[in-house]
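Residue numbers (this note's numbering): 35 to 253. Even glycine gets a Cβ: it sits at the ideal position worked out from N, Cα and C. For clarity, every value in this text was computed on a predicted model and none was experimentally measured.
Put into structure tokens, the structure is as follows:
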């Protein structure tokens, strides 16, 4: 899979780096070990941040600036990394989906980066274009229904939008039947070093999803 970053995104977020990780995987229900890892991370976040400090984390703050540069209100449409951390600090509890989704959440919470997780076999074509959402562009967000993605960063395949920093689309959702993963790590401003983020992702993928044939690319 190749990533094409459109000029409108380059202008709104000139420091953006995208790291993609592709791998053959074996998914399963959330393992007890991964559940414990996520709970321990949640405790660390809760002990470290007050609610008003979360959007000051460098990775989250930079994503919010990109939203504002495109004309999107980040307090109404929060990046997923911010939403996850707010949920933890507000004692709303963590949710557990499956190994792939939950390990991506571990990376996102740790790094401050919003991460797209896609079933590669459900992506139309071999190139994703990262552009800005259009008015009334349809987007069926996972667990949220139709999402207004106008003026929001959005990955598109040949059929339409599949992912934003706020939510991914139902059409490429990760499930227990997923066999090929594409992760898009969106680094609008660096918080966790890139190499450390990649290393964490690889460790979790190999440990919990028996990841094979891993391909890492940077844009």
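Proximity to residue i [Cα-Cα], best of the options
i           : options           : result
residue 94  : 58, 238, 221, 228 : 221
residue 106 : 48, 142, 186, 51  : 186
residue 201 : 147, 38, 45, 35   : 147
residue 124 : 41, 38, 72, 79    : 79
residue 84  : 99, 57, 116, 69   : 116
residue 131 : 99, 90, 92, 64    : 64
residue 225 : 45, 253, 49, 39   : 49
residue 212 : 155, 86, 191      : 155
residue 192 : 139, 53, 160      : 160
residue 234 : 77, 69, 139       : 139
residue 197 : 112, 253, 151     : 151
Through-space distance from residue j to residue i, alpha-carbon basis
i           : j           : result
residue 102 : residue 175 : 21 Å
residue 153 : residue 209 : 8 Å
residue 183 : residue 169 : 8 Å
residue 60  : residue 43  : 34 Å
residue 244 : residue 126 : 31 Å
residue 92  : residue 181 : 26 Å
residue 229 : residue 54  : 12 Å
residue 98  : residue 71  : 27 Å
Range of the contiguous beta strand (DSSP E) that encloses residue i
i           : result
residue 101 : First-last for residue 101: 92-104, but that is the alpha helix (DSSP H), not the beta strand (DSSP E).
residue 218 : 214-221
residue 117 : Element bounds for residue 117: not the beta strand (DSSP E) but the alpha helix (DSSP H), 114-123.
residue 58  : 51-58
residue 131 : It is not in any beta strand (DSSP E) - residue 131 carries neither H nor E in the DSSP assignment.
residue 161 : 161-166
residue 251 : 246-252
residue 38  : 36-39
residue 190 : 187-191
residue 155 : Per DSSP, residue 155 belongs to no beta strand (DSSP E) and is neither H nor E.
Beta-carbon proximity list for residue i, same chain, < 6 Å, skipping 5 on both sides
i           : result
residue 137 : 238, 242
Bounding residues of the alpha helix (DSSP H) (the contiguous stretch that carries residue i)
i           : result
residue 233 : 228-243
residue 209 : Segment: none, residue 209 is in no alpha helix (DSSP H) and carries neither H nor E.
Inter-residue CB distance, residue i and residue j (contact presumed, cutoff 8 Å)
i           : j           : result
residue 195 : residue 171 : 6 Å
residue 133 : residue 62  : 5 Å
residue 128 : residue 215 : Contact flag wrong, Cβ pair sits at about 21 Å.
residue 45  : residue 165 : Actually they do not touch by this definition, with Cβ atoms about 11 Å apart.
Contacting residues, own chain, Cβ-Cβ under 7 Å from residue i (five flanking each side not counted)
i           : result
residue 114 : 142, 148, 199, 200, 201
residue 249 : 56
residue 14  : No information on residue 14 is available, as it lies outside the stretch 35 to 253 that the chain covers here.
residue 68  : 133, 136, 137, 242
Sequence-distant residues of its chain with Cβ nearer than 8 Å to residue i (five each side left out)
i           : result
residue 204 : 174, 175, 176
Proximity test, residue i beta-carbon vs the ligand ATP heavy atom, cut-off 7 Å
i           : result
residue 171 : The ligand ATP is not part of this structure, which contains no ligands at all.
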